[in-house]
Amino acid sequence: MSATDEAPRHWARIQESGSVAGMRIMVWIRRRLGPLPFRFMLVWVILYYYLRRPLARRASQRYLRRIWPLHAGHPPRGLKRLVLRHFWAFGQSLMDKVAAWSGMPLDVRLEADHRARLDTAIRSGRGGLMLVSHHGNLEICSAMSETRDDFHVTQLMHTRNAEKFNTLLDRSTQRRGPEIVEVSEITPATAMRLAERINAGGFVVIAADREPLADTGRTRDIDFLGEPAPFPEGPFWLAALLRCPIYTLGCVREGGHHRVTFEAFDDTSTLRRRDREHWRETAMQRYAAWLTEQCRHYPLQWFNFFPFWHTDDR
Amino acid sequence: MTTELERELKQLIIDTLELEDVTPEDIDPDEPLFVEGLGLDSIDALELGLALQKTYGIQLQADSDDTRRHFANLRTLATLVEERRVK
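Protein sequences, first through last, are from chains A and B. Residues 17 to 330, numbered by the numbering used here, are exactly what the first sequence covers, in order. Residues 12 to 98, numbered by the numbering used here, are exactly what the second sequence covers, in order.
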């Protein structure tokens, strides 16, 4: 174990640490040899990461200690096994992600009322901003956009991860995913590009549960699972500035299929400038409450394997 | 010398950012718009960008140095609009 493994690092430097080469091998196994050999290999990959990533392991433990009483009504029992299951869920999600973007058939289900809401949102032609999180598989949702011609999705992604994914996808799959806008910070140019997409009836997807990559990025402490944690302000500034319908989009793995949830969150079309500050604050709290609910129902599918709360040693 | 477009842009900045205590005369075309000068911040820059897009159909390159250059002061902003306006 190298000393750097223990050094404080930003999530972008520790997350998605699977090497591109390794992922390509896994994709090849999945596509050529089928799901069973693939699962067999994945067990070893996950075990390897479990043993080699003490920082991620500790982050997982801390999170599970916080969420488990909400989920099960009692503190976690057999924490080590739970952490391992948490890692397993993450490994599975990475592979689902690749499968989704390489156009493999996926069993995606939307309950009737969620489907109706999505249909209405698409048909309104007003587009919107979809707040997502690192809970579940948001790439599955983006892959859905390929299934209908009138559903255009633009996904904001941190440059560091986007580059890696693009490399992976270009080489191992024939198809490209949804439109990816790579950002390390949100500039006027980015905002204008997104406004254009929304004006054309498209949907912009942005995760709001990660600290911004740039040191200048603003965060605000929001109570999350019993203690303040820094949430990025950027997505909520964008939501206020873009003046459009805001939704939350979730996607969890339930056994062999993926369950997508789509709900209205707010509408900033008529939000006045002087009310923005207040709106942003309450919106961030409501987002954290939404995320809490997601985690409460599916605790093992929140994939943040890095110190999230202020009190966590970094 | 202040051009018609510069006057228009001054009003756009005041209206967009609801700068109630600022009159068009207060904005020096050569003074920095952001941080110094008017003291606008990065969120204001986002908003101003969106207003320029809406009013003039301006497009910007994603490069943030490029944006910084165009948003330096009122005169550079006017040049940007002159060069790239589509409406």
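Every residue gets a Cβ at the ideal spot worked out from N, C-alpha and C, and that includes glycine.
Note to self: Considering Cα atoms alone, identify which of A:A280, A:A245, A:R236 and A:G152 is closest to R12 (chain A).
What the structure shows: Because residue 12 (chain A) is not part of the residues shown, which for chain A are 17 to 330, the question remains open.
Item checked: Residues bridged to Y263 (chain A) [DSSP beta-bridge criterion] -> Paired residue(s): A:M146 and A:A280.
Notebook entry, point to check: I think I83 (chain A) touches L254 (chain A), with their Cβ atoms under 8 Å apart; what is that distance to the nearest whole Å?
Noted result: Actually they are not in contact, since the Cβ atoms of I83 (chain A) and L254 (chain A) sit about 28 Å apart, beyond 8 Å.
Item checked: Interface flag, Q64 (chain B) vs chain A, CB-CB below 7 Å -> Interface residue, yes.
Margin query: Along the chain, where does the alpha helix (DSSP H) containing F240 (chain A) start, and where does it finish?
Written below: No alpha helix (DSSP H) contains F240 (chain A), which is instead part of the beta strand (DSSP E) from T235 to F240.
Notebook entry, point to check: Quick one: is A216 (chain A) buried, meaning 16 or more other Cβ sit within 10 Å of its Cβ, or exposed?
Noted result: With fewer than 16 other Cβ atoms within 10 Å, it is exposed.
Checklist line | Neighbourhood of D76 (chain B) by C-beta, 8 Å cutoff - its chain only, sequence neighbours within 5 removed | finding: So no residue of the chain qualifies.
Notebook entry, point to check: Are the Cβ atoms of P261 (chain A) and G144 (chain A) separated by less than 7 Å?
Noted result: G144 (chain A) is positioned such that its CB atom lies closer than 7 Å to that of P261 (chain A).
Note to self: Which residues does DSSP list as the beta-bridge partners of H326 (chain A)?
What the structure shows: Per DSSP, none; premise fails for H326 (chain A).
Margin query: Which residue marks the beginning of the beta strand (DSSP E) containing R125 (chain A), and which one marks its end?
Written below: Taken as a continuous stretch (DSSP letters only), the beta strand (DSSP E) holding R125 (chain A) covers V124 to L126.
Check: Can E243 (chain A) and W325 (chain A) be called in contact, C-beta distance under 7 Å?
Finding: Taking C-beta atoms as the reference points, E243 (chain A) and W325 (chain A) count as a pair closer than 7 Å.
Next item on the list: Quick one: grab the DSSP three-state call for L95 (chain A).
Entry: For L95 (chain A), the three-state secondary structure derived from DSSP is helix.
Note to self: Measuring CB atoms only, is the stretch 112–130 of chain A touching the stretch 273–290 of chain A, in the sense that at least three cross pairs come out at less than 8 Å?
What the structure shows: Three or more beta-carbon pairs drawn from the stretch 112–130 of chain A and the stretch 273–290 of chain A are found closer than 8 Å, and the two stretches are therefore classed as touching.
Notebook entry, point to check: What separation, rounded to the nearest whole angstrom, lies between the Cα atoms of L126 (chain A) and L134 (chain A)?
Noted result: Going by the C-alpha atoms only, they are around 10 Å apart.
Next item on the list: For chain B, find out if any of its Cβ atoms is closer than 7 Å to the Cβ of R29 (chain A); answer yes or no.
Entry: Reliability of the predicted coordinates at R29 (chain A) is poor, the pLDDT of 47 falling under 50, and the value obtained from them is presented with this limitation in mind. No, its Cβ sits nowhere closer than 7 Å to a Cβ of chain B.
Notebook entry, point to check: What are the boundary residues of the beta strand (DSSP E) that includes E243 (chain A)?
Noted result: Segment E243 to P248, the beta strand (DSSP E) holding E243 (chain A).
Check: Leaving out the 5 sequence neighbours to the left and right, which residues in its chain are closer than 8 Å to H150 (chain A) when beta-carbon positions are compared?
Finding: Beyond the five residues adjoining it in sequence on each side, H150 (chain A) comes within less than 8 Å, by CB distance, of A223, D225, R226, W318, F319 and N320 in the same chain, given in chain order.
Margin query: Can you give me the C-alpha to C-alpha distance between L16 (chain B) and A89 (chain B), rounded to a whole angstrom?
Written below: So the two alpha carbons sit approximately 7 Å from each other.
Next item on the list: Examine the Cβ distances between the stretch 44–51 of chain A and the stretch 295–305 of chain A and report whether three or more of them are shorter than 8 Å.
Entry: Here the stretch 44–51 of chain A makes no contact with the stretch 295–305 of chain A; the two share fewer than three CB pairs at distances below 8 Å.
Check: Are the beta-carbon atoms of G68 (chain B) and V92 (chain B) separated by less than 7 Å?
Finding: The Cβ atoms of G68 (chain B) and V92 (chain B) do not sit closer than 7 Å to each other.
Item checked: DSSP three-state assignment for F321 (chain A), whether helix, strand or coil -> F321 (chain A): coil per DSSP, three-state reduction.
Item checked: Length of the line joining the Cα atoms of E249 (chain A) and D237 (chain A) -> Rounded to whole angstroms, E249 (chain A) to D237 (chain A) spans 10 Å at the Cα level.
Notebook entry, point to check: Along chain B, which residues have their Cβ under 9 Å away from the Cβ of M208 (chain A)?
Noted result: Using a Cβ-Cβ cut-off of 9 Å, M208 (chain A) is close to L57, G60, L61, L63, Q64, I69, Q70 and L71 of chain B, given in chain order.
Next item on the list: Whole angstroms is fine: what's the gap from I156 (chain A)'s alpha carbon to F219 (chain A)'s?
Entry: Rounded to the nearest whole angstrom, the CA to CA distance from I156 (chain A) to F219 (chain A) is 15 Å.
Notebook entry, point to check: So with Cβ pairs under 7 Å, would you call T90 (chain B) a contact of chain A?
Noted result: Proximity of T90 (chain B) to chain A, defined by a Cβ-Cβ separation below 7 Å, is not satisfied.
Checklist line | Interface residues of the stretch 20–36 of chain B facing chain A [CB-CB below 7 Å] | finding: Correct list: E29.
Item checked: Reference V99 (chain A); option with closest CA among A:T163, A:L63 and A:T286 -> Measuring from the Cα of V99 (chain A), the nearest candidate turns out to be A:L63.
Item checked: Neighbouring residues, chain E, relative to A211 (chain A) (Cβ below 7 Å) -> Protein chains in the displayed structure are A and B, and chain E is not among them.
Notebook entry, point to check: Using the beta-carbon of each residue, which ones in chain A are nearer than 8 Å to T78 (chain B)?
Noted result: In chain order: T203, P204 and A205.
Notebook entry, point to check: Based on the DSSP output, what are the partners of G152 (chain A) in its beta bridges?
Noted result: Residue pairing by DSSP puts G152 (chain A) in a beta bridge opposite A:C267.
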